[in-house]
Amino acid sequence: MSHAPVLLAEAMDALALRDGGVYVDATFGGGGYSREMLARADCQVIAYDRDPDAILRGAELSQSAKGKFTLHQGRFGDLELEEPVDGVVFDLGVSSFQLDEAERGFSFQTDADLDMRMEKEGLSAADAVNRLSEPALADLIYRYGEDDESRRIARAIVQARALAPITRTLAFAKLVEDSVGGRRGARTHPATKTFQALRMLVNDELGELARGLSAAERALKPGGRLVVVSFHSLEDRMVKHFIT
52 MSHAPVLLAE AMDALALRDG GVYVDATFGG GGYSREMLAR ADCQVIAYDR DPDAILRGAE
112 LSQSAKGKFT LHQGRFGDLE LEEPVDGVVF DLGVSSFQLD EAERGFSFQT DADLDMRMEK
172 EGLSAADAVN RLSEPALADL IYRYGEDDES RRIARAIVQA RALAPITRTL AFAKLVEDSV
232 GGRRGARTHP ATKTFQALRM LVNDELGELA RGLSAAERAL KPGGRLVVVS FHSLEDRMVK
292 HFIT
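In this note's numbering, the protein residues as written are 52 to 295.
Have a look at this one:
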């Protein structure tokens with residue numbers, strides 16, 4: 052499955068692409084933004100992604116658009132550009148590729164290790180679930196998952212891990228579902244918000260966004276365009292606070 056950005060056309064219009072411009076795709080993912088920028092204008096694109104699998108996916112574009120496109124593995128917030136750029140685009144959250152790769156543990160559609168690390172190093176989701184205190188888990192799920200059932204879920208996690216470590220996605224999703232009394236006609240699975248909260252913690256997504264926005268501000272030319280695509284209220288608030 053290819054990653055087709057949901058708001059691709061709107062993001063491209065907001066960037067106001069022009070021939071001769073230099074643009075940054077700060078979250079390469081499946082390459083949808085980079086390819087569209089190169090298709091719409093005779094421009095240069097510099098792309099970044101912290102996920103090593105995304106770098107492998109970008110190898111073909113690196114060859115076909117040689118001289119116009121460069122792809123770097125790393126966190127955009129940690130990198131400095133030699134020359135100012137005309138625009139920067141961020142597409143926040145998890146890509147369809149990461150969801151499709153069951154072994155990464157981002158999804159509970161298939162069974163896998165409870166991992167969720169974009170860079171495959173550091174704290175995993177299983178580590179967090181098995182180590183955090185009950186109050187810390189409840190706070191995490193409430194703040195990052197915005198789930199009003201956070202205390203019930205945290206209590207169930209602590210009770211379950213006292214019997215055996217929590218290590219698999221499907222078992223964890225079922226644990227969360229049972230802790231809140233099942234789906235009860237809900238359109239989304241009860242574990243969705245908890246999985247989101249863990250992913251945001253494991254990958255320090257809000258911290259990365261803050262550093263990325265600051266890096267973009269340093270990189271942009273006067274009059275340059277910053278485009279951020281987000282589907283999470285915490286990210287929305289952070290971006291709005293940054294630009295006001």
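Ideal Cβ positions, reconstructed from N, Cα and C, are used throughout, including at glycine. All of these numbers come straight from a predicted model, not from anything done at the bench.
When the options are compared against residue i, the one with the closest alpha-carbon
| i | options | result |
| --- | --- | --- |
| ASP102 | LEU183, LYS244 and GLY80 | GLY80 |
| ALA55 | ALA77, VAL75 and ARG86 | ARG86 |
| MET167 | GLY82, THR218 and LYS291 | THR218 |
| ASP104 | MET88, ALA92, HIS123 and ALA67 | HIS123 |
| LEU68 | LEU89, GLU185, GLY258 and VAL57 | LEU89 |
| LYS18 | GLY128, GLY125 and ILE97 | Outside the displayed range of the chain (52 to 295) lies residue 18, so it cannot be described from this structure. |
| ARG91 | THR78, LYS119, ARG108 and GLU111 | LYS119 |
| GLY109 | TYR84, GLY128, LEU130 and ARG126 | TYR84 |
Spatial distance of residue i from residue j (CA atoms)
| i | j | result |
| --- | --- | --- |
| LEU191 | ALA163 | 22 Å |
| THR220 | ALA176 | 10 Å |
| ASP76 | ALA189 | 35 Å |
| THR50 | PRO216 | Beyond the ends of the chain as shown, which are 52 and 295, falls residue 50; an answer cannot be given. |
| ARG262 | LEU226 | 35 Å |
| THR161 | MET251 | 20 Å |
| ARG288 | ALA207 | 31 Å |
| ASP142 | SER281 | 6 Å |
| ALA60 | TYR193 | 33 Å |
| GLN114 | TYR99 | 16 Å |
| VAL209 | LEU183 | 9 Å |
Bridge partners - residue i, DSSP secondary structure assignment
| i | result |
| --- | --- |
| ALA98 | ASP76 and LEU122 |
| VAL279 | PHE141 |
| LEU271 | VAL136 |
| ARG219 | ASP164 |
Any non-hydrogen atom of the ligand PLP within 7 Å of residue i CB
| i | result |
| --- | --- |
| ILE192 | Absent from the structure shown: the ligand PLP. Ligands present: none. |
### Query
Does the count of Cβ pairs from the region 226-243 and the region 272-287 closer than 8 Å reach three?
no
### Meets three-Cβ-pair contact criterion under 8 Å: the region 126-138 and the region 196-210
Taking 8 Å as the limit for Cβ pairs, the verdict is that the region 196-210 does not touch the region 126-138.
### Task
Ignoring anything shorter than 4 residues or poking outside the region 230-258, list the alpha helix (DSSP H) runs there in chain order.
243-253
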